[in-house]
Each structure stands twice: as C-alpha cells, then as structure tokens.
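*Asks:*
There are 2 protein chains.
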Amino acid sequence: MLSLRLTSFTHLLSPTSSAAIARRSRAILRRRHHLRKRPLAASFSAQSATAETQDRVNNSKNRVPEQVITPRSQDFNAWYLDVIANAELADYGPVRGTMVIRPYGYAIWEAIQEYLNVKFKETGHSNMYFPQFIPYSFIEKEASHVEGFSPELALVTIGGGKELEEKLVVRPTSETIVNHMFTQWIHSYRDLPLLINQWANVTRWEMRTKPFVRTLEFLWQEGHTAHATPEEAEDEAIQMIDIYTRFAYEQAAIPVITGRKSKVETFAGACKTYTIEAMMGDKKALQAGTSHNLGQNFSRAFGTQFTDENGVREHVWQTSWAISTRFIGGIIMTHGDDAGLMLPPKIAPIQVVIVPIWKKDEEKAAVLNAALTVKDVLLKSGIKVKLDDSDQRTPGWKFNFWEMKGVPLRIEIGPRDVASGSVVISRRDIPGKQGKVFGISMEPSNLEAYVKDKLDEIQSSLLERAIAFRDSNIVDVSSYNDLKAAISEGKWARGPWSASDEDELKVKEETGATIRCYPFEQPKGIKTCLMTGNPAEEVAIFAKSY
Amino acid sequence: MLSLRLTSFTHLLSPTSSAAIARRSRAILRRRHHLRKRPLAASFSAQSATAETQDRVNNSKNRVPEQVITPRSQDFNAWYLDVIANAELADYGPVRGTMVIRPYGYAIWEAIQEYLNVKFKETGHSNMYFPQFIPYSFIEKEASHVEGFSPELALVTIGGGKELEEKLVVRPTSETIVNHMFTQWIHSYRDLPLLINQWANVTRWEMRTKPFVRTLEFLWQEGHTAHATPEEAEDEAIQMIDIYTRFAYEQAAIPVITGRKSKVETFAGACKTYTIEAMMGDKKALQAGTSHNLGQNFSRAFGTQFTDENGVREHVWQTSWAISTRFIGGIIMTHGDDAGLMLPPKIAPIQVVIVPIWKKDEEKAAVLNAALTVKDVLLKSGIKVKLDDSDQRTPGWKFNFWEMKGVPLRIEIGPRDVASGSVVISRRDIPGKQGKVFGISMEPSNLEAYVKDKLDEIQSSLLERAIAFRDSNIVDVSSYNDLKAAISEGKWARGPWSASDEDELKVKEETGATIRCYPFEQPKGIKTCLMTGNPAEEVAIFAKSY
Numbered sequence: 001m002l003s004l005r006l007t008s009f010t011h012l013l014s015p016t017s018s019a020a021i022a023r024r025s026r027a028i029l030r031r032r033h034h035l036r037k038r039p040l041a042a043s044f045s046a047q048s049a050t051a052e053t054q055d056r057v058n059n060s061k062n063r064v065p066e067q068v069i070t071p072r073s074q075d076f077n078a079w080y081l082d083v084i085a086n087a088e089l090a091d092y093g094p095v096r097g098t099m100v101i102r103p104y105g106y107a108i109w110e111a112i113q114e115y116l117n118v119k120f121k122e123t124g125h126s127n128m129y130f131p132q133f134i135p136y137s138f139i140e141k142e143a144s145h146v147e148g149f150s151p152e153l154a155l156v157t158i159g160g161g162k163e164l165e166e167k168l169v170v171r172p173t174s175e176t177i178v179n180h181m182f183t184q185w186i187h188s189y190r191d192l193p194l195l196i197n198q199w200a201n202v203t204r205w206e207m208r209t210k211p212f213v214r215t216l217e218f219l220w221q222e223g224h225t226a227h228a229t230p231e232e233a234e235d236e237a238i239q240m241i242d243i244y245t246r247f248a249y250e251q252a253a254i255p256v257i258t259g260r261k262s263k264v265e266t267f268a269g270a271c272k273t274y275t276i277e278a279m280m281g282d283k284k285a286l287q288a289g290t291s292h293n294l295g296q297n298f299s300r301a302f303g304t305q306f307t308d309e310n311g312v313r314e315h316v317w318q319t320s321w322a323i324s325t326r327f328i329g330g331i332i333m334t335h336g337d338d339a340g341l342m343l344p345p346k347i348a349p350i351q352v353v354i355v356p357i358w359k360k361d362e363e364k365a366a367v368l369n370a371a372l373t374v375k376d377v378l379l380k381s382g383i384k385v386k387l388d389d390s391d392q393r394t395p396g397w398k399f400n401f402w403e404m405k406g407v408p409l410r411i412e413i414g415p416r417d418v419a420s421g422s423v424v425i426s427r428r429d430i431p432g433k434q435g436k437v438f439g440i441s442m443e444p445s446n447l448e449a450y451v452k453d454k455l456d457e458i459q460s461s462l463l464e465r466a467i468a469f470r471d472s473n474i475v476d477v478s479s480y481n482d483l484k485a486a487i488s489e490g491k492w493a494r495g496p497w498s499a500s501d502e503d504e505l506k507v508k509e510e511t512g513a514t515i516r517c518y519p520f521e522q523p524k525g526i527k528t529c530l531m532t533g534n535p536a537e538e539v540a541i542f543a544k545s546y
Numbered sequence: 001m002l003s004l005r006l007t008s009f010t011h012l013l014s015p016t017s018s019a020a021i022a023r024r025s026r027a028i029l030r031r032r033h034h035l036r037k038r039p040l041a042a043s044f045s046a047q048s049a050t051a052e053t054q055d056r057v058n059n060s061k062n063r064v065p066e067q068v069i070t071p072r073s074q075d076f077n078a079w080y081l082d083v084i085a086n087a088e089l090a091d092y093g094p095v096r097g098t099m100v101i102r103p104y105g106y107a108i109w110e111a112i113q114e115y116l117n118v119k120f121k122e123t124g125h126s127n128m129y130f131p132q133f134i135p136y137s138f139i140e141k142e143a144s145h146v147e148g149f150s151p152e153l154a155l156v157t158i159g160g161g162k163e164l165e166e167k168l169v170v171r172p173t174s175e176t177i178v179n180h181m182f183t184q185w186i187h188s189y190r191d192l193p194l195l196i197n198q199w200a201n202v203t204r205w206e207m208r209t210k211p212f213v214r215t216l217e218f219l220w221q222e223g224h225t226a227h228a229t230p231e232e233a234e235d236e237a238i239q240m241i242d243i244y245t246r247f248a249y250e251q252a253a254i255p256v257i258t259g260r261k262s263k264v265e266t267f268a269g270a271c272k273t274y275t276i277e278a279m280m281g282d283k284k285a286l287q288a289g290t291s292h293n294l295g296q297n298f299s300r301a302f303g304t305q306f307t308d309e310n311g312v313r314e315h316v317w318q319t320s321w322a323i324s325t326r327f328i329g330g331i332i333m334t335h336g337d338d339a340g341l342m343l344p345p346k347i348a349p350i351q352v353v354i355v356p357i358w359k360k361d362e363e364k365a366a367v368l369n370a371a372l373t374v375k376d377v378l379l380k381s382g383i384k385v386k387l388d389d390s391d392q393r394t395p396g397w398k399f400n401f402w403e404m405k406g407v408p409l410r411i412e413i414g415p416r417d418v419a420s421g422s423v424v425i426s427r428r429d430i431p432g433k434q435g436k437v438f439g440i441s442m443e444p445s446n447l448e449a450y451v452k453d454k455l456d457e458i459q460s461s462l463l464e465r466a467i468a469f470r471d472s473n474i475v476d477v478s479s480y481n482d483l484k485a486a487i488s489e490g491k492w493a494r495g496p497w498s499a500s501d502e503d504e505l506k507v508k509e510e511t512g513a514t515i516r517c518y519p520f521e522q523p524k525g526i527k528t529c530l531m532t533g534n535p536a537e538e539v540a541i542f543a544k545s546y
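Chains S and E, in that order, are what the protein sequence lines are.
Read in order, the letters of the first sequence are residues 1 to 546 in the UniProt record's numbering.
Read in order, the letters of the second sequence are residues 1 to 546 in the UniProt record's numbering.
1) At what residue ranges does the segment 335 to 389 of chain E contain a whole run of the beta strand (DSSP E), taking only runs of 3 or more?
2) From which residue to which residue does the alpha helix (DSSP H) around isoleucine 238 of chain E run?
3) So asparagine 197 of chain E is in the beta strand (DSSP E); what residue range does that whole segment cover?
4) Does valine 100 of chain S have its Cβ less than 8 Å from a Cβ in chain A?
5) Cutting at 6 Å between CB atoms, please list the residues of its own chain near threonine 532 of chain E, excluding the five before and the five after it.
6) Closest to isoleucine 347 of chain S by CA distance: which of S/Asp482, S/Gly105 and S/Pro71 is it?
7) Of the residues S/Gly432, S/Arg416, S/Lys433 and S/Glu412, which one's Cα is nearest the Cα of valine 424 of chain S?
8) Nearest chain S C-beta to threonine 275 of chain E closer than 8 Å, yes or no?
9) Nearest chain S C-beta to arginine 190 of chain E closer than 8 Å, yes or no?
10) If we count the other Cβ atoms within 10 Å of its Cβ and call it buried at 16 or more, is glutamate 175 of chain E buried or exposed?
11) Report yes or no: is there a C-beta of chain E within less than 8 Å of the C-beta of phenylalanine 182 of chain S?
12) For a cutoff of 8 Å on Cβ pairs, would you count glutamine 47 of chain S as touching chain E?
13) Report the rounded CA-to-CA distance for tyrosine 274 of chain E versus glycine 289 of chain E, giving the unit in angstroms.
14) Determine whether the Cβ of valine 170 of chain E lies closer than 8 Å to any Cβ atom of chain S.
15) Between threonine 394 of chain S and chain E, is there a C-beta pair that is closer than 8 Å?
16) So glutamine 305 of chain S contacts chain E; which residues on that side make the cut at Cβ distance below 9 Å?
17) Using a Cβ-Cβ cutoff of 8 Å, what residues of the segment 130 to 144 of chain S are near chain E? List them in chain order.
18) When we look at the beta-carbon of glutamine 198 of chain S and count the other beta-carbons within 10 Å, is it buried (16 or more) or exposed?
19) For lysine 527 of chain S, which beta-bridge partners are listed by DSSP?
20) By alpha-carbon positions, which one of E/Ser479, E/Ile430 and E/Pro408 ends up nearest to valine 451 of chain E?
21) Kindly indicate the opening and closing residues of the alpha helix (DSSP H) around glutamate 412 of chain E.
22) What do you reckon, are the CB atoms on valine 355 of chain E and leucine 447 of chain E nearer than 8 Å?
23) Would you check if there are 3 or more beta carbon pairs closer than 8 Å linking the segment 475 to 486 of chain S to the segment 453 to 467 of chain S?
24) Would DSSP call tyrosine 136 of chain E helix, strand or coil?
25) Determine, using beta carbons only, whether aspartate 91 of chain E comes closer than 8 Å to chain S.
26) Would you say the beta carbon of isoleucine 84 of chain S comes nearer than 7 Å to a heavy atom of the ligand FAD?
27) Mind listing the chain S neighbours of residue 612 of chain E? Cutoff is C-beta to C-beta under 7 Å, in chain order.
28) Which value, in whole angstroms, describes the spacing of the CA atoms of arginine 63 of chain E and histidine 227 of chain S?
29) Run through DSSP, which three-state label would arginine 30 of chain E get?
30) Take glycine 406 of chain E and list the residues in its own chain whose beta-carbon comes closer than 6 Å to its own, dropping the five residues that flank it on each side.
31) State whether the segment 84 to 96 of chain S contacts the segment 108 to 124 of chain E, with contact taken as three or more CB pairs (one from each stretch) at a distance under 8 Å.
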C-alpha cells in the first residue's frame, strides 16, 4: 500500500523509470520497516566507560544505517520525501495528492501560527471563519479570478443524497465569499478599515503534487481587508509582506527575497502581488508567501461600496495575503542535510533533547535523576525540551533519530557527567566532534544561559549559512545568453528587465525559468533590459521554481 | 438580501406564517439599520453633572430601543437569532445552512480552543491534520456508520474539470480516514496508545439548520485514540467526557448533566457514547459534547491491528470525542437575557469595558487619561479589557451596546470620578442600580483585586443561577403519565428505565422527548421501570432537544 502510494507521487515528480521507482519504493519500505523493527538492546549494557566516550565522539559506529535517507546530493526529491517519511512530518492521504500532517509536522505549523497570529492581532486584524462552500456563480463574477481558478476546482454536486441546483465550489481561496459578506457589513467610511483573517483549509485540484509544497488540500491563513483609499490598501499589502519577510528571516531563518510579481505571475484578480521567494537546497525557488493589492477588482464585481465623509458612494480598496503549510516544505528544503531535518530553534517543536546514558543498572537511577533535573531547569526557562528516557533504544540510535528529526541541541548525560556535575552538549548544525562541547556545568543558571546562548547561535548560524548559499547562487546577468547560462547551471539570474509579457513567456518556454519577482532591493544606476536593450527601471530575478 | 436569508432560515425553524416572517425580517432589518445609522452626538455635551449621574442610575432613558432584540420570553428562537445578529456573533453564509462566524463569535471559539487544547496536551494528545476528502468506499466499511451518515453527506464528484472515478465524501467526521492511517502506523503494542486530536471543519447536510446549533459546516475538535486493551479505551472515553464536563462547569458556567447515551442514541459506529447534556433557557436539551468508546468496530472494519507482548495480532480498541462551535449556541442560550448576550468571564473575549464620560471638551483629556490608566492597570493584570473611547456614540448607547454584547463588567469614569480618584463598576448579570457600585478606588492594587474578585463572583453566580434553573426544571417521574406531564410542561423527566428500544421510540413519537442520557449520578435504592414496571438499574433523563 505504502509503496504504491509513494510510487504514484514520485512518478509525477521525477523522470525516473518506473522500474527504478518500484525499486526505490521497496527500499524505502524496507528501510522504514528496518527503522521500526530493529531489535534493540534494553539498555546500553555492552558498553564500557571508554566506549561511552567513544560513542559520543564517533557516533557513526552506532548509526542507524546512512542509507535510511537518500543523500541530498544524490537525489534531492527522494531525499525530501525520505525526510518527510522518516521524521514523521507527514504521510500520504488515501485520495491522490492529499496529505496527512503528522504530529511533528503539525507542531511546526503550530509554531508558525503562534507567531503570525500575534503579529496579525498586533496590527489590528481579527480572526473569523467563512464557510468553505462557495456558490459556483460567485467564482465567475471576477473575470481573471475565474480564469485562474476554474481549472483546479473541486465541486460538490450532491448534498444529502440529492443533486444540487447550483454546484458548490470547495474554496480554493475566499475573496469571492469574503466580498459577498463585506458588501453586507460595510456601509460607511466608519466601518473601514475592515481587517480580518482566517485559519482554514483550502482545496486546489493540482495535477502535480508534492507533500507540503503542493497538495490538493492544504492549510493556510488568508487575510482579507477593505479600505477607504488606494493608499491605505497599498500600505496594508506592504505591511503584510513585511511581516512575512520578518517571519521568514527571524523565525524560520530563511533569507527570502521580497519583491513584486510580474504581471504574468500576479494573482488572478489582483492589481499587484508581493511575494517572498526562498531558495531551496537544490536552488529552485519556492514562493513562500504572497500579499495582494486587489484594488477595486472584487469590490466592483461584488458591489462592495461605502459612503465616504462627503456622502459619496465608492467601492472599497482591498488586499488579501496568505502563508500556507507549504512553508514547512520550505523549511525542510532550506536547512535539511544528509542526516535529515534541521530545524531553526525558534520554530522547532523540540529545541533540546536529553539523552541519558548508562551501562550498569545501578547507574541508571542517578543518571535519570540528573536528566530529570536538567529537564526541569530548561522547562522552567521556557525551553522546549524532551527527555528520551526510553529503554527500547541505544543512545547511539537516539542520537541519530533526534538528529534526523532536526532537534537543534542534544544534551548527553552519563555516569561520569553525573559525578562531575556537568553535561555534554551537541549542536545539530555542526556534525561530529566540532559541534560537541564537554563539561558544561549542570548548575541551573549556567546551564540555562549556555543553552539559550547556543540556541541563539544556531538560529543565527542557520540564517547566515542560508544567506551565503543564496548569494553564491544568484548571478547578475546583462544578456539573455547570460541568463540562459545561469539557469542551465541551476542558479538564479538577476538582470534588468523591461521586455514584454511575450518575452517573459519565451524565457519560460526556453529555459524553464520564470520571473520570481522584481526585488524591493534594487541596484542603483542606469539599467538596460537584458532582452531588448531598451532602458529598464528594475532588475528582475529569474529562476526555476516549485 | 438579508431579509431573504433570514426568512429562509427562520422558515425551517418555527411554524410562523410566512407573512409574519416577512414582517419580522423587515423589522430586524430596520432595527439593525437603526442601530447602525442612528445619528449620534459627538460627545455627551447636553448632559449636566446631575444628568451624568442620572444617566448612570437610570440608563433606560438613554437606551437603544428595547425592541432591538425580541424579548426572550416572547419568542425564544427569534430572541436567539436577534442576539446572534446584534452581538455580531455570526451571519448567514450564501449557501443554505452555512454560517459566517464573525470576529466576536470566533473569539469565543478561540477561548474554548485555548482551554481544551491545553487539557488535551496535558493528557498526552498531539494535534495533527487529516485530509477532509474521504473515498466513498471508506464510509461504507463500518455498517452502522454508513447507515448513520450516508443521508447527510456532501459529495465531490468533479475535480479539475473532470468527473471523478470515485466520489469523495467531504468529512462528516473522520473515524474512517483515521483508521485507514492508524492501520499503517500501528504495528506493535509499543506504538500504543496512539492519542491524537485535530481542529477542523466538518460537513453534514442537515435539512433543519440553526446558527451554531446545527449548520451544514461547523468547526470542531475531534480526538481519536487507539489502545491495547478495552479497559484503556474505556478509561480514555471517560477521561475525555470528564474534561468536557469540567470545561462546561468551570469555564462556560453550564451545569451539564453527564451520562451515557441509550443504545438508540449512541453514535453510529460506537459501542458506548458518553455525553454532556445542557439545559437551555427554553428548557430544551442541547447535546454539548460527546465521547465514544468505539470498541473494535472501526479497527475490524479497517484491519487496524497490533502485535501484543506475546506476539499475537489483535485489533486495537478505540475512542473518539468532540466538541464543536455548537457549544457557542449553548452559551448564548444558557446565560442570555432580554438585554442580549451574557458571557461567563472565563470565556468572554472582553471581560471589562471602560466607558469614559465627559460633558465639556475641557474634561475630555482628564477623563480619557484616567480611563487609559485604568485600562493599563487591568491589562497588566491579564484582564481582557476594552476602552470604548469613540466620539461617535453617547455613553448610554455604549452601556447598552456592551450589555448586549455580554461583557461581564463595565467601568464608568466621569469628571467627578477623576476628581475623587474612583470609578463606578456595573455588573452585567445584575441589572440596574443593584449591580452598580460607586466609588471604587482607582489605586491599582485595589482596582485589580476588586475587578478580579467581581469577575470570579460573576462566574460563580452564572453557574449557580444555571444550576438552580436546571434543578427546578427536572421532574422525577415514576410512570409514563408523569413523564408525559413533565414533557408537556417543557421540563426534563428523570425516571427509572429498563424498557425496550421500541418503547423508547414510542416515547419519542408520542411526546417528542428522547433519552438524553443515563446520568452518571444515580439515585440509590430499588428502581422500577416507569414504562414496564420491571426492575430497572438506572434512571434515564428524557427531554426535548435541539
């Protein structure tokens, strides 16, 4: 069952032969089986005191076989799917293209929600909830909206055993139903601005799916606002893309490039779309969040008007903005490595895992006792900590398991540590010896300060590393040949652009790259369009994307 | 538009003539219009110092017309719909039977989520997310489940422009898809117990709908667990109904009666259903939360097995449990009165509203300054406070508006209060003079203690009042005639019951009442079935219900 489902997904995503797919799927199945069923020593009994240290320093001996996860460099897509399966982030639902978000994956989503929810409320937005069933006629009211969304709609045609008179759309986004309601709630300028958000599921009938990145159903927040002036709407759209940008940098350690979409890539129904674009580990771009200035497109289609201070009826100016569970895919593909997931401390469901180590039964109580004390100290300081005190696995197995799960810091406590009142701390982002520090005092204030400091360091370090990776893979180009060369190397191309929509589509056809955005940060000086040689006001970034 | 939509809803719910409905709908429309457009003095300028006090003592002078909300005693259902509309809790969606949950209503849901989410996690449950589209064949696997749910399914038959090979069910509940996944995740006894929860939307094609109480789509949490033994599953089902009971009593101030459903009323697919039953203001019962012991019904249907400690394959034992946005309807109908909503402090989005009062422009700054100080003091103590400093409305209008919104405490601050360093505090649950205390010192620690104390008092008082109401409306009966008399008076009947399912259905047909539950709290002594005269082990509670 599992192999069948994996096959069907993989099939859509990579050009591998079906024999190879079947082989790999069987292998994944075996590996997962292996991971689960591996017979395990009830304790660390065979290990001498020297071995204890040995194990820490050179834990590859005790590794879960490396091939559990396909190496990232070998096959990025297979690596991605392996990480999701092994770290238990998600699984495939029974309906093609759907995804079950498992507790560890969902906890990342909760961390995203927690941060954004506060920011949305601080900026005056209220949460609410709109029905997910939208009359089909609503979708048709805004011309470019229906053009953009009609190919990917799921339609309810039967309810309570009867054929419905009007088909219902399972919301792909809520602009239409929001405007239907706004029209009833907005009367005068005193009702503006109207600033709301909803956390909801949405459905888009995608043909090529990939867990988190593109699924038939996904979770997101969608903000919707109405304003009295175009300036206010523009300010709002910019404010929200700024919040997303700060979230990406400060919480997810993803150095997105923020900018404006080209006309071709603008949201169906928007005047302007702002975007945050992230570079994944395979250098493909991921659109990780968008904020749209909708102008009066929907208010005209739905008659959403207000009476201004002079008694004149006007259509409202609107925005909408969203971040989805796709962002989790972005986190995996930005920071992960061959050992698995690597999570920025600020969004990690577990920031510190404590692995107690004992060899003799008489050591167990003292070690566990110390581990519990350390856990309490960290919990009290607000650190998300897990003590893995199970008897079922060896410490070596646990080291690898929690590395694979991307936990930023590991604390090891053995009998000698208990004796010396200290612990050993390992960083997930620096493998092996280099990331390991011995003899950190267990004294509460010292330990708390050390751990917090290290978590901050890891957070910054992940961001710096991602910035360096991003910057070394963006090429400044001044001709179409340069652009083609950069794209064919898998890089992003940045160059002046003032050519036509047709030229933009030609680039897409010939190179597979699209304009990701006109970045907000623009180089100074005179610019000449890389395609036409005409003057250009802005540089655009081209890249292949998810 | 609004009147049409109200009409269609009301039509389904009450036997009123359509002319009366149209009249009432137009009236509601006018009233809402009136509420919104009422020309308002920019400040409280016409008021003398005496008038200021007058207004406080006898604020009926300044009332928004009483008839904004239909009196509860006159027409409970109309009152309920008026409260929802006027307090801006919800609105009707464009599709029949759907509901838009507005920010104030959604904030109550957030308070429910906040409390329960913590309790679920404390008891070891993790949040996750299952897809909402379920293959139709899944629903058919558990015989009584399909019988119970198939009449109310919404079916997706078209996706991406194409007729689907298999119809998809928009989840009415998730037992089937959960078991499909559990079958893949559970292998050995080490994988048990598996304890998960999801916050999600669900769809049931109901013919008779009512905002919050019964809508085509609603929000809920659904817990799903799998265990190695029937005892563990039973303990879990009981633990969760206990959590719901505590939530109802301690947070929502609703004195539910907790018990077991009769076989006839048990959830489609469960062995046992536990329930919390609440008595609404019209004495009808509301099933406010349920917890099911599913036994092995779904694990047998879906082959969800584990290997026990002796290497034997066995089917898991399961539970599921849910509370939904229906609970908000329960809060409205338990505590509300003719003035509108009345919210228990622990789930009120706004616990304290501050209304500043000034007559002359030169007083405004000092009054607003004091109001801001008071607001800060309360905010810092963790109290949810709103300062209504708008220039658009008179204090009298504000008093009534926030009473209608159910805010538990109001603080009034006028120029004389500023001079004396004190405030006036009014309780929502005690109308007029009796609920009003003058001269509470603004001194921060005094004010904080006073407000917290009063909020606790209101919380207890609402519960006590609801308990008294409940107890005075439950009649102990020992014969079918007694039962019929009690039900015809609109009360609940409690009596010994050991009769057949057929007799239970006969009671329903003849009286409109159903067994709400066999309560956990049972009277001692010998019992004789009220219907058959045979020995009975338990009393059952009969009532008409939503």
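Just so you know, even glycine gets a beta-carbon here, dropped at the ideal spot from N, CA and C.
Computed from a predicted structure; not experimentally measured.
*Replies:* Well, looking at it:
1) 352 to 356 and 385 to 387
2) Counted from its first residue, the second sequence places residue 238 of chain E at position 238. That run of the alpha helix (DSSP H) goes 230 to 246.
3) Reading the second sequence from its first residue, position 197 is the one you call residue 197 of chain E. Residues 194 to 203.
4) Of the chains in the structure shown, none is chain A; the protein chains are S and E.
5) For the purposes of this step, residue 532 of chain E is identified with residue 532 of the second sequence, where counting begins at 1. Excluding positions up to five away in sequence, the list reads Ala499.
6) To locate residue 347 of chain S, count along the first sequence from 1; it is residue 347. Isoleucine 347 of chain S has its Cα closest to that of S/Gly105, out of S/Asp482, S/Gly105 and S/Pro71.
7) Here residue 424 of chain S corresponds to residue number 424 of the first sequence, with the count starting at 1. Cα-wise, what sits closest to valine 424 of chain S is S/Glu412.
8) Here the question's residue 275 of chain E lines up with position 275 in the second sequence. No - not a single Cβ of chain S is within 8 Å of the one on threonine 275 of chain E.
9) To locate residue 190 of chain E, count along the second sequence from 1; it is residue 190. Closer than 8 Å to some Cβ of chain S, the Cβ of arginine 190 of chain E qualifies, so yes.
10) Residue mapping note: residue 175 of chain E aligns to position 175 of the second sequence, counting from 1. Answer is buried; the Cβ neighbour count reaches 16.
11) The residue given as residue 182 of chain S occupies position 182 in the first sequence. Closer than 8 Å: no.
12) Counting from one through the first sequence, the residue named residue 47 of chain S turns up at place 47. With a pLDDT of only 33 at glutamine 47 of chain S, under the threshold of 50, the placement of this residue in the model should not be trusted; the figure read from the coordinates follows. Chain E contact via Cβ: absent.
13) Counted from its first residue, the second sequence places residue 274 of chain E at position 274. Counted from its first residue, the second sequence places residue 289 of chain E at position 289. Near 8 Å, if we compare the C-alpha coordinates of glycine 289 of chain E and tyrosine 274 of chain E.
14) Taking the first residue of the second sequence as position 1, residue 170 of chain E is located at position 170. Chain S contact via Cβ: present.
15) Position 394 of the first sequence, counted from the first residue, corresponds to residue 394 of chain S. For threonine 394 of chain S, the answer is no, since every Cβ of chain E falls outside 8 Å of its Cβ.
16) Locating residue 305 of chain S in the first sequence gives position 305, counting from the first residue. Residues of chain E passing the Cβ test: none, with the nearest at roughly 14 Å.
17) Phe130, Pro131, Gln132, Phe133, Ile134, Pro135 and Phe138
18) The residue you call residue 198 of chain S lines up with position 198 of the first sequence. It counts as buried.
19) For the purposes of this step, residue 527 of chain S is taken as residue 527 along the first sequence, with counting starting at 1. Answer by DSSP bridge pairing, in chain order: S/Ala536.
20) Counted from its first residue, the second sequence places residue 451 of chain E at position 451. Of the listed residues, the one whose Cα sits closest to valine 451 of chain E is E/Pro408.
21) Here residue 412 of chain E refers to the residue found at position 412 of the second sequence. First-last for glutamate 412 of chain E: 409 to 413, but that is the beta strand (DSSP E), not the alpha helix (DSSP H).
22) Residue 355 of chain E sits at position 355 when you count from the first residue of the second sequence. Residue 447 of chain E sits at position 447 when you count from the first residue of the second sequence. No, these two residues do not count as a Cβ contact at 8 Å.
23) no
24) As a working note, residue 136 of chain E is residue 136 in the second sequence. If DSSP states are grouped into helix, strand and coil, tyrosine 136 of chain E belongs with the helices.
25) Here residue 91 of chain E refers to the residue found at position 91 when the second sequence is read from its first residue. Chain S, which has a Cβ nearer than 8 Å to the Cβ of aspartate 91 of chain E, makes this yes.
26) Looking at this structure, you won't find the ligand FAD or any other ligand, since it has none at all.
27) It is not possible to answer for residue 612 of chain E, since the shown part of chain E is limited to 1 through 546.
28) Position 63 of the second sequence, counting from 1, holds the residue named residue 63 of chain E. Position 227 of the first sequence, counting from 1, holds the residue named residue 227 of chain S. A caution first: arginine 63 of chain E carries a pLDDT of 43, below 50, which makes its placement in the model unreliable, though a value can still be read off. Answer to the nearest angstrom: the Cα atoms are 31 Å apart.
29) On the second sequence, residue 30 of chain E is found 30 positions in, with the first residue counted as 1. Annotation note: pLDDT 34 at arginine 30 of chain E (below 50); position unreliable, no value reported.
30) What you label residue 406 of chain E is simply residue 406 of the second sequence in a count that begins at 1. Hits under 6 Å: Leu341, Met342 and Leu343.
31) no
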